Every structure is written in C-alpha cells, then in structure tokens.
Amino acid sequence: MALFKNVFGKNKTLTGEEIIGLFKVITVDREPVIISTATFKVVTDIIYLDRGVFHVKNTLTRDEVMYQLKGQRIKAQFPYELTLYGGETMLMGLGMVQGVHTLKLKIPESLTQIENRGAYRVSSFPETPVVTFSSNNVDLIKARLSNISMTGAGIQLDPRWLITEVKLSTRSTIIVDIKLTERLRISCTAMVRYFEGHKLGIQFSDLSRGVKDRLFKLIIQQRREEQRAMMRVYNRIQSLEPGEKERPPPPPPLERTGKPCALVVASDQQQSDFLTSILGRKFDLLYAEPNFADIRQQCHLSPNLCLIELPFDNAIMVSQMKKAGSLLPHGSVLMYFGENLTPDFRKRFLDNSQPQDMLVDLQTRNKLMLFKHIEKYYRQKAPK
C-alpha cells in the first residue's frame, strides 16, 4: 500500500519495495514506457517483470539496439494513471516472452514522480461540462472540457475548428464560460498558455473566492473517486504477485463446434447473461473479468470476436478497457458494450478512425436488433 501514499505529491521518490509494487501494477496493465537516450527515443509496452529486469516489446532493428541503446545511459518514463515516474536504467540484453521479442532493461534503483503542472487536474466530471469562449478576434465558440485544475483548464475544440483559424496565440486573452454543475459555473478571463491542433490550454485570471471554494471541493471529490478507482485496479491484481499465490492455470481448451468464438468481458452478470442469450446460437462463448490478466489469458484461445463492457460512469475503468483492446490477437474483431451510452460519451470514447457501430448499447433489450447489429459489424470486420 505504500505505493499509493502521497501518490499525488510533487517530486516523490520511490525506492526498493515501492518500485517493485509499481512495476507489478504497470506490468499487469501493460502500461507504455518511454525509453530515451541523449540522441534516441522510443515508446513501447511493458509486457513482463522478471528478477531485477523488466521486458518491453522490441520494435527496433538490430542496429538501433546496438548503436542507440547498448552501453548507453537510458532514461525510462512510465505514464501511470494520474502521474508520471522517471528513472535511469540500462539494457541487459534481448529476450522472448510468449513469442514476442523483447528488450530486457534493469529495474531503476529509484523513480521520481515527475509533475510538470502547477496544480492537480481532473478529467472526469459528475456531469457533462458545457464550455464556450470568445475573444476580440473570435465569436462565441463551443468546445469540450478535457481537464480542469484550480489554475486552468484543457479545452478541445470541435474537430471542424483549428486554432489557427480562430486566430489565437500563446498569451492571447479570452473570455471563457465553463458550466461544471448546476452550482458551479466559471465565467472569467483566461490566458492561452499553449495550443496545438484543436487543443487549447488556458490559465484562469480572476476567479472569485466563492468559485475557487466550490471548484476546490469538486476537484477533491473527483480526485478521491480516481484514487478509489486506482485502488480497485490495484486490489484486483494482488493475486498475481509472485510469492503470494500461484498464477492461475491456463484455461482449458475450448471445445469448438465449428462456430466462431466470442469473448465477453463483463463484471455485470446480468449483461453477460443477456449477451449469452443473444450470441449463444451463433457463437461459441468465452468469458473474462474486466482486468488485463484475465483478458490476456482468454486471448490465448484466439476469439474471433470480443465484446468488452464499458462502465461509462467510471472514467478510469473506461480508459483501462480501451487499452485492453490491444491485447486481442490479430484478426479478432473488437466491440464495446454498455447501457445508456450518450452521444457525448460516444464522441469522447471513439476517435475519428473508429466507427460508431463499434459501440453496442444494450438499453433497448431488443435481442434480434442487437444480434443483427453485432453480426453485421462482425462480418464487416472479420478477416475474409
């Protein structure tokens, strides 16, 4: 539990068992790692933890390994949930994990929490925020709130707008209106601190004492929710810690009937049973809990289709399950499901390259319509 004490404090240094605890979590969650030297940088995934070393997926050529990493001082950074840790490591050799070529890197002796922002930010909200802003150069523009802190906010414009088109630049002054809840509305001037594409970072200029008090209470409330979600993720992987319990045995071979195989990932038993009643006649079915270890284990059976539950009221778990899609074997068709998936949630969850039909809303409870939706998407995306 020491890992999570003061996890939001600035410049916290982890050593010894705290580092091992962090690596156990990020390995199970297959978090990305940024590997860099003075002249080279690559982003890859952590996939295995061994004694004194961690394995990352090797996407480099032999020359890049030999001349960019071997014998070099390497810096490793780990984006983990709400913060970022960094430390020095070194290349210990090449490896192979479950058929994947890996780089073996030494576990850093210390890790420092890197905090680049002036205040703690939250990106999940009890209600869908409404954001508008204007300046001397632009009329009223609607936008989406990405995150907010006591000192500023991150805003995302509609993709049809570009920052250059609305003639904003760093240190521009805008008038912003952010409705967070019925009782909390931020209307003030703000300074543009950065802009890129259709993303905008602003710093508040003149918040009143009353608004500051209400904003502080909201941030603390959401921070606690995110901490609880982090702890739930941490508790789910306790059974995987070496030395405490043996790893679960591999799943038994699935008796194939000639039908395609569907994997249902759900914590809600009613939703799982409902999907079973829809898919059971046309698919052989596998089941997994919504955690990386269980999903990865069932993926060894090469499901043709995977449906993953989205608890849309839990931003941390939604983020985790979005990452879980990367665990599927090549050729497996990925879909997500939930209930009451709002247009705003769909817009936030799917990027521009993903079709709307990827999300299945069980709200209607019309089995025939839902089956046709799933079957049509599966036939469109399945390898021919």
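All residue numbers for the sequence shown refer to the working numbering, where the first residue is 14 and numbers rise by one. Ideal placement from N, C-alpha and C gives every residue a C-beta, glycine not left out. Being a predicted model, the structure only gives us computed values, none of them experimental.
(message) Among F296, T377 and Q283, whose alpha-carbon lies nearest the alpha-carbon of K272?
(response) F296
(request) Identify whether P356 lies in helix, strand or coil by the three-state DSSP scheme. (result) helix
(request) Go ahead and pull the three-state DSSP assignment for H386. (result) helix
(request) Return the CA-CA distance between R86 and F362, expressed in angstroms with no decimal places. (result) 38 Å
(request) Use the C-beta contact count for G29: other C-beta atoms within 10 angstroms, 16 or more gives buried, fewer gives exposed. (result) exposed
(message) So if DSSP puts K117 in a beta bridge, which residue, or which two residues, is it bridged to?
(response) H68 and G106
(request) Would you please state the rounded distance, in angstroms, between the beta carbons of K212 and Q169? I believe it to be under 8 Å. (result) 6 Å
(request) Report the rounded CA-to-CA distance for E238 versus Q311, giving the unit in angstroms. (result) 30 Å
(request) Flag this pair as yes or no: are the beta carbons of G100 and S123 separated by less than 8 Å? (result) yes
(request) Report buried or exposed for E322, applying the criterion of at least 16 other Cβ atoms within 10 angstroms of its Cβ. (result) buried
(request) State buried or exposed for Y207, treating a residue as buried only when at least 16 other CB atoms are found within 10 Å of its CB. (result) exposed
(message) Taking the straight line between their C-alpha atoms, what separation do you get for L409 and N150?
(response) Any question about residue 409 goes unanswered here, given that the chain covers just 14 to 397.
(message) Taking only three categories from DSSP, how would you classify D76?
(response) helix
(request) Compare the Cα-Cα distances from G106 to each of L97, L116 and G112 and report the closest residue. (result) L116
(message) I need the DSSP call for T289, collapsed to helix, strand or coil.
(response) helix
(message) Below 8 Å, how does it come out for the region 144-158 and the region 72-84: are there three or more Cβ pairs, yes or no?
(response) no
(request) Just the C-alpha distance for F67 and G34, rounded to the nearest angstrom, thanks. (result) 13 Å
(request) Look at the alpha carbon of E11 and the alpha carbon of Q284, and state the distance between them as a whole number of angstroms. (result) Any property of residue 11 remains undetermined from this structure, which presents the chain solely from 14 to 397.
(request) Report all residues from its chain with a CB closer than 6 Å to the CB of R227; omit the five preceding and five following residues, and keep chain order. (result) L197
(message) Pull the bridge partners of G99 from the DSSP assignment, please.
(response) Q90 and T125
(message) To the nearest angstrom, how far is the alpha carbon of A395 from that of V373?
(response) 17 Å
(message) Would L288 and V278 qualify as a contact pair, given that the criterion is a beta-carbon distance under 8 Å?
(response) no
(message) Taking the alpha carbon of Q367 as the reference point, which residue from L298, T52 and K335 has its own alpha carbon closest?
(response) K335
(request) Output the distance between the C-alpha atoms of G22 and I32, rounded to the nearest integer angstrom. (result) Unreliable placement is indicated for G22, whose pLDDT of 46 sits below 50; the coordinate value is still reported in the next sentence. About 16 Å.
(request) Alpha carbon to alpha carbon, how far is L340 from H114? Give it in angstroms, no decimals. (result) 16 Å
(request) For K192, I'd like the list of residues in its chain whose CB is within less than 7 Å of its CB, leaving aside the five on either flank, ordered along the chain. (result) P142, V143 and R198
(request) State the DSSP-derived secondary structure class of G256, mapped to helix, strand or coil. (result) With a pLDDT of 42 at G256, under the threshold of 50, the predicted position of this residue should be treated as unreliable, though the coordinate-derived value follows. Here G256 sits in coil by DSSP.
(message) According to DSSP, D190 sits in a beta bridge with which residue or residues?
(response) T145 and S200
(request) Give the straight-line distance between the Cα atoms of F138 and K397, rounded to the nearest whole angstrom. (result) 42 Å
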